[in-house]
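Here the protein sequences come in this chain order: C and V.
For the first sequence, position 155 matches number 155 in the numbering used here, and the numbering has no gaps at all.
For the second sequence, position 40 matches number 1040 in the numbering used here, and the numbering has no gaps at all.
Note that the Cβ used here is the ideal one computed from N, Cα and C, for glycine as well.
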Amino acid sequence: MSRKGIRLLAVLAAVSLLAVVPAVAQAKKIITISGSTSVYPLEIKLASKWIKTKKGKKYGFKILQGGSNVGISDVAKGRVSIGASSRDPANGDPGGLVFNRIARDAICIITNPSNPLGNITQDTIKKIFLGPTFTDWSQVPGAPISGGIDPIGRAATSGTHDAFRNIFLGGTNQGSFVAAKSSNGLVQQSVQTDNRGIGYVSLAFTSGVNVVNYNGVACTLRNAASFQYGGVRSFYFVTRGAPVGGVKKFIGWVTHSNKANKIIGTDWVPLH
Amino acid sequence: MRRRFGLQKAGPRNRSDQRAELLLGALACVVLALIAGMIFFVFEKAWPSFTHNGVAWFSPWAGGNADDELVAIFQSPGDPAHYVYTMHAWPLIYATVLITATAVVISTVFAVLSAMFIVEFAPAGIRRVLEPVVRLLAAVPSVIYGLIGILVVVKFFNDHLIAQSAKDSVAGVAALNGFSWGVGALILTVMITPIMIAIVVDALRSVPIGWKEGSVSLGVNRWRALWTVSVRAARPAIVAAAVLATARALGEAIMLSMVTGSVGFQPNPIDGFIFFIEPARPLAATIVDNAEGLSVTPFAQTLYAFAAVLLVSAAFLSFGGWYIRRRLRAYTLSPI
């Protein structure tokens, strides 16, 4: 073998050693999570806090994103221990899954800042997003502007679309004329540039736009926590069968400890 | 092949040459196998979507609404016997063709003219700046174009180019808020023109200087010599550039997903100026927007069907390009 070949082998051997050593040294049990991009910021905070507690010390985490549906299919196939979901269980979901509710999140109706609509009722939302019965802002009670309405929503595959359909539209799909954006941020951006736009986003994406009261209640963390605000959805940790071992301990800590509640309470609604 | 390029075996076969030949051959085979495997995989996955819909999948007269159908497929019941597959994808195919064709036609004109300028007319100083800039532009990632599209171009269209009366006229049918196929085609043109310029510049440079000098010595001015001799001789390369640009345009997903409006709407040319600012969504952008739903079997199969259509179009494109190049070569004696 030439000298170059030997050198290459040596380098390869060194690299593989480096890759193996930490895995051996760690010897911690790894909990894997994949799924919803909406839940991701929350689960990162929770996991990094839990591994500092007495019970959590023995565990490590590997957390990936991908969307609610990815998480659900991953956990159903046994690829991860927890699938994170921002939508409720659906008909097409694989059997044998347990949806453990961990927190709640508010969905807000937003308009352009130049259209400071104060309040919107469920009936009006249905007339805009389903019909469309209302196509002009002058038809919307209390709207300060007139002109055509540009409804902006999410693609059918998103958890937010699913929650909006179930909570605001009474289980009916939004019309196909509604723009189907692929993320919360794109909806926020579109409403920000379009003075006639109206859209729906997670509470965390409401800067730079006008947040509309829904059925007379402001979309805030406090109103969502007290259940006065109607547009609240749940975040889930999905497991195959009832959670066991480390996963059970982790979910138990998330749903019951005061520390976890405090973390959830920063941007989301705790269960208790 | 070896003889054509004048490379003859020199003496006894060299062992390291032999080894290199084997290794490179094996690599080429791996690439071929990968491509074949990919095509097989995509078609195998896509097949149910095509068989359930037949010709209606492609037909402009099939009716139905692609977006409503996508939602229905995604919400299929879990039982495989009741999977929903109905998909009439014409609006998406139409949007793909419309955006790609517009962008390629405009950028071909731009690319040929700017390449002529760079090769023949630009002063050395400008050329030294222009060429690296063009090559740099060709390498900018598409998501950056998408961001500029959303933050600048779409906003500009919405604020300054679209009349309130135009918006009112189609309220409830399509939102004219700047997100449109026209903006998509415009930005796509900016994205693919640099690639074409780079290729055409190389082609124009490789035209034998004697050909051009010959025509100039017959009393023809520089512009005509360039147009009638160099550009003619470079036609196969222009076609090659257009094919490459079209392939990039067909597959462009992120940028188009960001600026074209996210609605499976079918822009209608008889609407006049509004036509250019109507929303649409091409196939590749539809795949990106809905990739999250891959866990639902019939939905994944439908997305693979979109991918299969793009794959076949790309294949036809290269065959078509190859055929045209061959024809042109026969008439132009091109060295390229």
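K1045 (chain V): contacting residues in chain C (beta-carbon distance under 7 Å):
Numbered from 1 along the second sequence, position 45 holds the residue referred to as residue 1045 (chain V). Within chain C, no residue comes near K1045 (chain V); the closest Cβ sits about 15 Å away, beyond 7 Å.
Answer with yes or no whether the minimum CB distance from D1068 (chain V) to chain C is below 7 Å.
Taking the second sequence and counting its residues from 1, one reaches residue 1068 (chain V) at position 68. Between D1068 (chain V) and chain C, the shortest Cβ-Cβ separation is below 7 Å.
Which residues mark the beginning and the end of the alpha helix (DSSP H) in which C219 (chain C) is found?
Here residue 219 (chain C) refers to the residue found at position 219 when the first sequence is read from its first residue. Here C219 (chain C) belongs to no alpha helix (DSSP H), and DSSP marks it neither H nor E.
Whole-number beta carbon distance between S234 (chain C) and D88 (chain C), since they are thought to touch under 8 Å:
As a first step, residue 88 (chain C) is located in the first sequence; it is residue number 88 there, counting from the start. As a first step, residue 234 (chain C) is located in the first sequence; it is residue number 234 there, counting from the start. At roughly 7 Å, the Cβ-Cβ gap stays under 8 Å, so D88 (chain C) and S234 (chain C) are in contact.
Is the separation between the beta-carbon of P270 (chain C) and that of N258 (chain C) shorter than 7 Å?
Residue mapping note: residue 270 (chain C) aligns to position 270 of the first sequence, counting from 1. Residue mapping note: residue 258 (chain C) aligns to position 258 of the first sequence, counting from 1. In this structure, N258 (chain C) does not lie closer than 7 Å to P270 (chain C) by Cβ.
In the DSSP assignment, what are the bridge partners of T32 (chain C)?
Looking up residue 32 (chain C) in the first sequence gives position 32. C:K62.
Measuring only from the beta carbon, is V247 (chain C) closer than 6 Å to any heavy atom that is part of the ligand FAD?
Annotation note on the ligand FAD: not contained in the displayed structure, which lists no ligands.
Between R1164 (chain V) and chain C, is the shortest Cβ-Cβ distance under 7 Å, so that the two count as touching?
Position 164 of the second sequence, counted from the start, is the residue given in the question as residue 1164 (chain V). In the sequence on display, residue 1164 (chain V) carries Gln and not Arg. Q1164 (chain V) counts as touching chain C.
Is DSSP giving Y200 (chain C) helix, strand or coil here?
Along the first sequence, one-based indexing puts residue 200 (chain C) at 200. DSSP, reduced to helix, strand and coil, places Y200 (chain C) within a strand of the structure shown.
For my contact list, S36 (chain C) and G67 (chain C) are in at a C-beta cut-off of 8 Å; report their separation, rounded to the angstrom.
Translated into positions along the first sequence, residue 36 (chain C) becomes position 36. Translated into positions along the first sequence, residue 67 (chain C) becomes position 67. About 6 Å; that satisfies the 8 Å criterion.
Listed in chain order, which residues of the region 68-79 of chain C have Cβ atoms closer than 7 Å to some Cβ of chain V?
Of all residues in the region 68-79 of chain C, only N69, V70, I72 and S73 place a beta-carbon less than 7 Å from a beta-carbon of chain V.
With burial defined as no fewer than 16 other Cβ atoms inside 10 Å of the residue's Cβ, what is the status of E1044 (chain V): buried or exposed?
Taking the first residue of the second sequence as 1, we reach residue 1044 (chain V) at position 44. Burial call: exposed.
Specify, as a first and last residue, the run of the alpha helix (DSSP H) that A1071 (chain V) falls within.
Within the second sequence, numbered from 1, the residue matching residue 1071 (chain V) stands at position 71. The amino acid at residue 1071 (chain V) is misidentified as Ala; the sequence shows Val. Note, V1071 (chain V): alpha helix (DSSP H), A1066 to F1074.
Threshold first: 4 residues or longer. Then list the alpha helix (DSSP H) segments lying entirely within the region 1141-1177 of chain V, N to C.
As far as the region 1141-1177 of chain V is concerned, its whole alpha helix (DSSP H) runs of at least 4 residues are 1142-1148 and 1164-1169.
Any residues in the region 1053-1068 of chain V with a beta carbon nearer than 7 Å to a beta carbon of chain C? Which ones, in chain order?
Cβ proximity to chain C below 7 Å picks out N1065, D1067 and D1068 from the region 1053-1068 of chain V.
What are the start and end residues of each continuous beta strand (DSSP E) run of 3 or more residues lying completely inside the region 1062-1138 of chain V, in chain order?
Complete beta strand (DSSP E) runs here, min 3: none at all.
Please report the distance separating the alpha-carbon of A1066 (chain V) from that of A1089 (chain V).
For the purposes of this step, residue 1066 (chain V) is taken as residue 66 along the second sequence, with counting starting at 1. For the purposes of this step, residue 1089 (chain V) is taken as residue 89 along the second sequence, with counting starting at 1. The alpha-carbon atoms of A1066 (chain V) and A1089 (chain V) are separated by roughly 6 Å.
Whose C-alpha, out of V:V1084, V:G1078, V:S1049 and V:K1167, is nearest the C-alpha of A90 (chain C)?
As a position in the first sequence, residue 90 (chain C) is number 90, starting the count at 1. In terms of CA proximity to A90 (chain C), V:G1078 leads the group V:V1084, V:G1078, V:S1049 and V:K1167.
Just to confirm the assignment, what range does the alpha helix (DSSP H) spanning I1209 (chain V) have?
Your numbering for residue 1209 (chain V) matches position 209 in the second sequence. Here the alpha helix (DSSP H) through I1209 (chain V) covers I1209 to S1217.
L236 (chain C) by DSSP, collapsed to three states: which one?
Here residue 236 (chain C) corresponds to residue number 236 of the first sequence, with the count starting at 1. In the sequence on display, residue 236 (chain C) carries Tyr and not Leu. Reduced to three states, the DSSP call for Y236 (chain C) is strand.
Residues of its chain near V1216 (chain V), where Cβ-Cβ distance is below 6 Å and the 5 sequence neighbours each way are ignored:
Counting from one through the second sequence, the residue named residue 1216 (chain V) turns up at place 216. For V1216 (chain V), where only same-chain residues beyond five positions count, the Cβ hits under 6 Å are A1225.
Could you round the C-beta distance between T255 (chain C) and I102 (chain C) to whole angstroms and report it? I think they count as a contact, below 8 Å.
In the first sequence, the residue the question calls residue 255 (chain C) occupies position 255. In the first sequence, the residue the question calls residue 102 (chain C) occupies position 102. Yes, they are in contact, since the Cβ atoms of T255 (chain C) and I102 (chain C) sit about 6 Å apart, within 8 Å.
Local conformation of A1245 (chain V) per DSSP, three classes:
Residue mapping note: residue 1245 (chain V) aligns to position 245 of the second sequence, counting from 1. Here A1245 (chain V) sits in helix by DSSP.
If we cut at 7 Å on Cβ distances, does G147 (chain C) have a partner in chain V?
Counted from its first residue, the first sequence places residue 147 (chain C) at position 147. For G147 (chain C), the answer is yes, since a Cβ of chain V falls inside 7 Å of its Cβ.
Buried or exposed: E43 (chain C), going by 16 or more other Cβ atoms within 10 Å of its Cβ?
As a working mapping, residue 43 (chain C) is identified with position 43 in the first sequence. So E43 (chain C) ends up on the buried side.
Nearest to T946 (chain V) by alpha carbon, out of V:A1139, V:L1161 and V:M1191?
The requested residue 946 (chain V) is not part of the displayed model; chain V covers only 1001 to 1336.
Any contact between the region 142-156 of chain C and the region 113-126 of chain C? By contact I mean 3 or more CB pairs, one from each, below 8 Å.
Taking 8 Å as the limit for Cβ pairs, the verdict is that the region 113-126 of chain C does touch the region 142-156 of chain C.
Please look up how many angstroms separate the CB atoms of T1102 (chain V) and A1185 (chain V), rounded, as I've assumed it's under 8 Å.
Here residue 1102 (chain V) corresponds to residue number 102 of the second sequence, with the count starting at 1. Here residue 1185 (chain V) corresponds to residue number 185 of the second sequence, with the count starting at 1. Contact between T1102 (chain V) and A1185 (chain V) is confirmed by a C-beta separation of about 4 Å, below the 8 Å threshold.
Reducing DSSP to helix, strand and coil, say where S190 (chain C) ends up.
Taking the first sequence and counting its residues from 1, the one referred to as residue 190 (chain C) is at position 190. Three-state DSSP puts S190 (chain C) in a helix.
Under the DSSP definition of a beta bridge, which residues are partnered with R1222 (chain V)?
Taking the first residue of the second sequence as position 1, residue 1222 (chain V) is located at position 222. Residue pairing of R1222 (chain V) in beta bridges, as defined by DSSP: absent, with no partner found.
Output, in chain order, the set of chain V residues within a Cβ distance shorter than 7 Å of Q189 (chain C).
One-based indexing of the first sequence puts residue 189 (chain C) at position 189. Result: I1150.
Contact with chain V by S182 (chain C), beta-carbon distance below 7 Å
Residue mapping note: residue 182 (chain C) aligns to position 182 of the first sequence, counting from 1. Yes, because at least one Cβ of chain V sits closer than 7 Å to the Cβ of S182 (chain C).
Endpoints, alpha helix (DSSP H) assigned at F164 (chain C):
Residue mapping note: residue 164 (chain C) aligns to position 164 of the first sequence, counting from 1. Its alpha helix (DSSP H) spans residues G159 to I167.
How about S1313 (chain V): is its C-beta nearer than 7 Å to some C-beta of chain C?
Position 313 of the second sequence holds residue 1313 (chain V). Put simply, the CB of S1313 (chain V) is far from chain C, with every gap to its CB atoms at 7 Å or more.
Using 7 Å as the limit for Cβ to Cβ distance, is E1292 (chain V) near chain C?
In the second sequence, residue 1292 (chain V) corresponds to position 292, counting from 1. At least one CB atom of chain C sits nearer than 7 Å to the CB of E1292 (chain V).
How about S1295 (chain V) and N69 (chain C): do their beta carbons lie closer than 7 Å?
By one-based count along the second sequence, residue 1295 (chain V) stands at place 295. By one-based count along the first sequence, residue 69 (chain C) stands at place 69. The criterion of a C-beta distance shorter than 7 Å is satisfied by S1295 (chain V) and N69 (chain C).
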